[in-house]
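Notes follow once the structure below has been shown.
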Amino acid sequence: MILETARLRLRPVEMSDVDSLVELDSDPAVMRFVSGGAPTPREVIEDWVLPRAQAELRAHRTGMWAARERTNAGFVGWFALRTPRHSSRSELELSYRLRRDTWGQGFATEASRALVAMSFREIAAERVFGSTLAANSPSRRVMEKVGMRLSAIRLSGDEEMSGLGGGEVEYELLRSHWETTALAWSPPRAASWTARRPDVADLTA
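Okay, so the sequence shown: first residue is 1 according to full-length UniProt numbering, each after it adds one.
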């Protein structure tokens, strides 16, 4: 499924995105709240991240989307919807990671709103949630702007976790709340939000 917002085009990740993904995860600032700044090895992206995302797409129409600007095709980052493996609820986990030079421009909120809308409209999820370290205030602001509410705080005495920014927080948005707020928005004018089901090439990329 391909999504388009006012400024971004999101399509399922494929092997041609590996260099961009490796470069993204090589920035210590980007990885600060993920791994303490350590980069993700290329082989992990090639052998685990991409296959897992493509399996999600085939099984659930979820997975990971590479986000590029519509004006110049510049790589912005990735956004993901994941189906929790050990949950009996109809829910999806939202996550995202953006290049440092795109921070503060509203891209994360813009794309996240499109994925939330897709989750409720196309996939019929009952709940979308996301989590981050408590100290990661930019990510928390994105989830709040999308309409999510704080639903859990997990404190940790783990020394490694403390070094990354303390405990973890979880935010959620329920279908019932989304449907009764202005976030259940209609696509503004000309194709600022479009989606199509993946064709065979999308599923096997």
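All C-beta atoms in this analysis are idealised placements derived from N, C-alpha and C, irrespective of residue type, glycine included.
By the criterion of at least three beta-carbon pairs nearer than 8 Å, the stretch 132-140 is not in contact with the stretch 57-65. Shown here, T109 sits in a helix according to DSSP, grouped into three states. Under the three-state reduction of DSSP output, P138 falls in the helix class. Your pair E46 and V18 checks out as a contact, with CB atoms roughly 6 Å apart and the cut at 8 Å. The Cβ atoms of T102 and V142 do not sit closer than 8 Å to each other. When DSSP reads this structure, R68 sits in a beta bridge with R9, F75. For the pair T83 and N72, the Cα-to-Cα distance works out to about 32 Å. Of the other Cβ atoms in all chains shown, 16 or more fall within 10 Å of the Cβ of R68; this residue is therefore buried. Judged by their CB atoms, L174 and R127 are nearer to each other than the 8 Å cut-off. In the three-state DSSP reduction, V169 falls in the strand class (E or B). The C-beta distance from E168 to A134 rounds to 7 Å, short enough to fall under 8 Å. From the listed residues S176, T109, L81, R9, the smallest Cα separation to A55 is found for L81. Under the DSSP assignment, R58 falls in the alpha helix (DSSP H) whose first and last residues are 50-60. Annotation: G130 to R154 spans about 13 Å, alpha carbon to alpha carbon. For L21, the enclosing alpha helix (DSSP H) stretches over residues 18-24. Nearest to A152 by alpha-carbon distance, out of E172, K145, R121, E144, is E172. The shortest C-alpha to C-alpha distance from R7 to any of E23, A29, G106 is the one to G106. Cβ contact annotation for D27 (same chain, cutoff 6 Å, sequence separation greater than five): R100, in chain order. Counting along the chain, no beta strand (DSSP E) covers R89, and no H or E run does either. When DSSP states are grouped into helix, strand and coil, V44 belongs to the helix group. When DSSP states are grouped into helix, strand and coil, R99 belongs to the coil group.
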